[in-house]
Amino acid sequence: MALLEYEKLSIALPGMARPVLDGIDLTVSAGEVVALVGESGSGKSVTARSALGLFPAGASVVGQVRVDGRELVGADAADLRAVRTGTATMIFQDPRAGINPVRRIGDFLTESLRVSHGWAKDRARARAAELLGAVGLPDPARHLRQYPHELSGGMLQRVMIASALTAEPRLLLCDEPTTALDVSTQAEIMAILGRLQRERGLGMLLITHDIELAAAACDRIYVMYAGRIVETAPTAELFATPQHPYTAGLLGSSPPLQAPEGPPARLTPIPGSPMGLLDSAPGCSFAARCRFARPGVCDQSPPPLERNGEALVACHLADELAPRRPTHMRWRTVDHRN
Ligand SMILES: Nc1ncnc2c1ncn2[C@@H]1O[C@H](COP(=O)(O)OP(=O)(O)OP(=O)(O)O)[C@@H](O)[C@H]1O
Ligand SMILES: [Mg+2]
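Sequential numbering of the sequence shown, starting at 2, is according to my numbering.
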């Protein structure tokens with residue numbers, strides 16, 4: 002049984018032309034690191050929050066999301082509490098947004114241990130110090146007495162990771178955990194998350210718009226566009242042979258979908274802009290931006306997500322485009338477990 006499992010999850014908001022999420026199928030097994038990538042507004046955060054049973058106010062929700070077998074769509078308070086305080090936990094982009102600036106780090110970290118778990122103060126402080134050590138903060142006793150403004154963004158994100166671990170979760174939902182940090186701090190935070198994930202055998206869903214970051218950290222990648230999964234494959238396959246034109250676009254170029262005798266590789270941005278909630282299309286959502294789109298085919302019905310080799314891909318032209326992929330053109334060798 003998958004630790005996290007979405008089955009045809011659709012979320013629609015009143016007054017919008019298209020759903021925020023449209024039939025999402027996604028799984029994360031215990032101990033597996035999975036990335037969800039896509040442009041801004043594609044629905045990544047809404048997907049992640051759904052795994053805690055947090056749906057947009059007023060939305061109609063159809064389909065299923067299960068964490069460790071517990072259904073979250075229509076769940077009662079007891080099931081929601083069980084998932085949120087025991088199984089799954091989330092790390093957000095901006096650590097300062099999730100912490101009260103006038104409370105000490107120690108009070109922030111010990112609160113849930115004392116309130117939810119009923120631990121005595123000394124025991125909770127000892128555990129908080131231990132967790133600060135585990136996320137690589139040099140002087141846990143001093144950091145427990147500090148206020149958030151006394152810590153850098155990178156240090157504070159470590160505090161948030163420590164806080165996420167207080168519940169001994171089995172599933173870590175990381176929503177752009179390094180986007181607000183500088184490049185070298187990003188690498189440190191990713192290294193800490195990777196180490197904790199391996200040591201504790203956590204299932205992890207890493208949300209990012211950075212496909213390179215996803216490749217470095219993850220076993221499998223899901224690519225999302227306008228609320229739909231358009232491709233998923235093991236990381237090495239996705240990089241070597243992206244099958245959806247949007248995936249190829251995210252990788253910075255379109256050459257993988259050209260014939261070997263086609264023009265030489267060059268970096269090409271994806272033209273146009275992402276589809277907002279007030280836009281809809283009867284066919285493939287990406288068709289308006291896709292240089293392969295064929296009138297009468299791609300604009301007729303949404304392409305289903307179908308197996309093509311090791312990947313699942315939602316493209317009406319996948320059978321045609323995929324065999325033309327040049328086998329000699331490998332993007333790079335990705336060793337994503339280092
Ligand atoms: N609570 C909400 N109420 C109304 N609309 C929402 C709500 N949450 C998200 N949306 C809309 O749903 C769409 C998907 O949002 P989401 O935050 O999941 O995108 P994202 O892929 O995480 O983007 P980003 O990379 O910018 O974080 C957006 O158009 C957003 O405006
Ligand atoms: Mg987001």
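Note that beta-carbon positions come from the ideal geometry of N, C-alpha and C, so glycine has one too.
S61: member of the beta strand (DSSP E) spanning 61-68, first to last residue.
About 5 angstroms separates the Cβ atoms of V68 and T88, confirming a contact at the 8 angstroms cut-off.
In the DSSP secondary-structure assignment, M91 is bridged to L174. Per DSSP, reduced to three states, the secondary structure at S153 is coil, with no helix or strand assignment.
Residue environment analysis places A125 among the buried positions, since at least 16 neighbouring C-beta atoms fall within 10 angstroms of its C-beta.
In the three-state reduction of the DSSP assignment, T233 falls in the strand class. Taking the Cα positions, D300 is about 6 angstroms away from C285. Under the DSSP assignment, D211 falls outside any beta strand (DSSP E); it carries neither an H nor an E label. Judged by beta-carbon spacing, A163 lies within the 8 angstroms limit of L133, meaning their Cβ atoms are closer than that value. Per the coordinates, the alpha-carbon of A130 lies some 44 angstroms from the alpha-carbon of P275. Nearest C-alpha to D108 among A76, R19, A142: A142. Here the alpha carbons of K9 and D23 stand approximately 7 angstroms from one another. Secondary structure at A319: helix, using DSSP grouped into helix, strand and coil.
Between ligand 2 and D211, a heavy atom-to-CB distance of less than 7 angstroms is absent. Nearest in C-alpha terms to L157, of all of L55, M91, G99, is G99.
At least one heavy atom of ligand 1 sits closer than 7 angstroms to the Cβ of L14.
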